[in-house]
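Below is one structure, written out as structure tokens; the observations come after it.
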Amino acid sequence: MKLKDNLIYREDDAVIFDTEKGILIELNESANEIIKRLNKTEKKL
1 MKLKDNLIYR
11 EDDAVIFDTE
21 KGILIELNES
31 ANEIIKRLNK
41 TEKKL
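In this text, residue positions in the sequence shown follow the UniProt record's numbering: the first is 1, and each later residue adds one.
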């Protein structure tokens with residue numbers, strides 16, 4: 001799922017990849033759950 005132009009979220013392994021900086025950001029369980037819920041809400045709209 002694309003969060004912003006340079007940020008891609010991978011739900012399977014709970015990371016955000018910053019394509020601009022070339023780094024992976026690992027999420028803790030709480031952050032991963034928040035993004036999942038935001039994604040579900042966005043799909044409903």
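Where is the CB? At the ideal position from N, CA and C, for every residue including glycine.
Could you tell me which residues DSSP pairs with residue 23 in its beta bridges? Walking along the sequence shown from the start, residue 23 turns up at place 23. Beta-bridge pairing links residue 23 to 18.
Residue 10 - partner residues in DSSP beta bridges: Taking the sequence shown and counting its residues from 1, one reaches residue 10 at position 10. 15, per the DSSP bridge assignment.
Ordered along the chain, which non-local residues of its own chain (more than five positions away) have a Cβ less than 6 Å from that of residue 14? As a first step, residue 14 is located in the sequence shown; it is residue number 14 there, counting from the start. Cβ within range, chain order: 27, 32.
Given this structure, state the Cα-to-Cα distance separating residue 12 from residue 3, to the nearest angstrom. As a first step, residue 12 must be located in the sequence shown, where it is residue number 12. As a first step, residue 3 must be located in the sequence shown, where it is residue number 3. Each residue's CA atom was taken as its position, placing residue 12 and residue 3 some 15 Å apart.
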